[in-house]
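Asks: Residue numbers (my numbering): 1365 to 1699. Where a beta carbon is used, it is the ideal one built from N, C-alpha and C, also for glycine.
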Ligand code: NAD
Ligand code: WQD
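(1) Can you look up residue 1604 in the DSSP assignment and give me helix, strand or coil?
(2) Would DSSP call residue 1398 helix, strand or coil?
(3) Just curious, the alpha helix (DSSP H) that residue 1459 is in, first and last residue?
(4) What does a CB cutoff of less than 6 angstroms around residue 1568 pick up in its chain, not counting 5 residues either side in sequence?
(5) What is the DSSP secondary structure of residue 1715, reduced to helix, strand or coil?
(6) Buried or exposed for residue 1684, going by 16 or more other Cβ atoms inside 10 Å?
(7) Can you check the segment 1631–1656 for any alpha helix (DSSP H) of at least 4 residues that lies completely inside it and give the ranges in chain order?
(8) What does DSSP give as the partner residues of residue 1618 in its beta bridges?
(9) Apart from the five residues just before and just after residue 1545, which ones in its own chain have a Cβ nearer than 6 angstroms to its Cβ?
(10) I'd like the span of the beta strand (DSSP E) that includes residue 1595, first residue to last.
(11) Starting from residue 1379, follow the beta strand (DSSP E) in both directions and report where the run begins and ends.
(12) Looking at the structure shown, is residue 1610 part of a helix, part of a strand, or coil, going by DSSP?
(13) Consider the Cβ of residue 1554: report whether some Cβ of chain C lies at a distance smaller than 7 angstroms.
(14) Pick helix, strand or coil for residue 1462, following the three-state DSSP scheme.
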């Protein structure tokens, strides 16, 4: 298939481009590089020995979208979005505009060109404060911040739009906590400024770029008191997108799937796993809870196994080893 990947220069997008190219698909990327570097795409090409088409531009720009959808694009994988929870509380309108208006513009362009398949980057954030774990796709949906609201609204808009188009199909992929990097260490997560997320922070402490990790709370109702999450290797996630786009080609309608391992790790367990996998120490201090954090969130990923024939294969040791190979080989990211 010829697949347009919006946000393809970003963290998850670049890894997905590798797997798509290796699976023999033709890939076009539309990205405005607001949170990424074109160097990631050059490295995707070096890893795979294949080339992709890159259109630099914004998903809210109809001319760029039309250009990106040229050449017989048959499906879109839509990663392009702003994703920082804290920033979304300070600038909700920027998030509504970029994420929601951008997704509407994308659907309009797809409809105009007759492109029927859409795979969408959703998030476990749509489960809000889950009452029980693990969560399956039937769990009630709610939001705790403007970023999460954009994901929930986009899921609903995509559902309505795909229902209105005969022959259209949409797959909503709800990622839990993506971590790790390509095993080559040549592409990986490159957060701008101070990382918000645990694994890049841990890796930056280990490489000496940050002094100590702040562990946000050890008084949660979890076995060791620190927050529990379902970390998923970005290469497993990337493989799921290939399955999802193939599923969309054979199934109409709109379906949501959890993408996680089904196994939770606490913050302290992640630190220990990282130290064991890398031989590096990760000094930390216990601090107050981070506002908005939930105690635990883990996936029931069984629907993806049944319907997509996908399940996570890489364990926490591989997640830490690969995150470290990327971080130690590229201490300043792509810079
Ligand atoms: P990322 O920031 O690395 O990638 C997003 C890419 O989209 C970047 O390359 C950015 O430049 C591009 N982009 C943003 N707005 C754009 C616009 N208006 N036009 C064109 N390009 C634009 O983030 P990521 O971690 O790779 O996340 C990819 C997707 O997965 C996002 O939709 C995110 O919300 C979702 N997601 C991420 C996580 C996570 O923890 N990383 C978890 C759940 C869901
Ligand atoms: C994991 C655990 C923290 C940093 C976020 C978004 C979510 C999704 C994935 C996009 C928690 C603790 C963290 C640190 C810490 N993104 N922590 N010290 O919060 O589960 O999810 O990213 O859709 O929407 O909210 O991930 O990696 O930030 O935190 O102790 O410096 O690590 O409290 O328990 P989170 P995270």
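Replies: In brief:
(1) helix
(2) coil
(3) 1456–1459
(4) 1574
(5) Nothing can be reported for residue 1715, as the shown portion of the chain is limited to 1365 through 1699.
(6) buried
(7) Entirely contained in the segment 1631–1656, the alpha helix (DSSP H) runs reaching 4 residues are, in chain order, 1631–1642.
(8) 1534
(9) 1552, 1686, 1687, 1690
(10) 1595–1597
(11) Premise fails: residue 1379 lies in the alpha helix (DSSP H), 1375–1386, not in any beta strand (DSSP E).
(12) helix
(13) Looking for chain C here will not work: only one protein chain is present.
(14) helix
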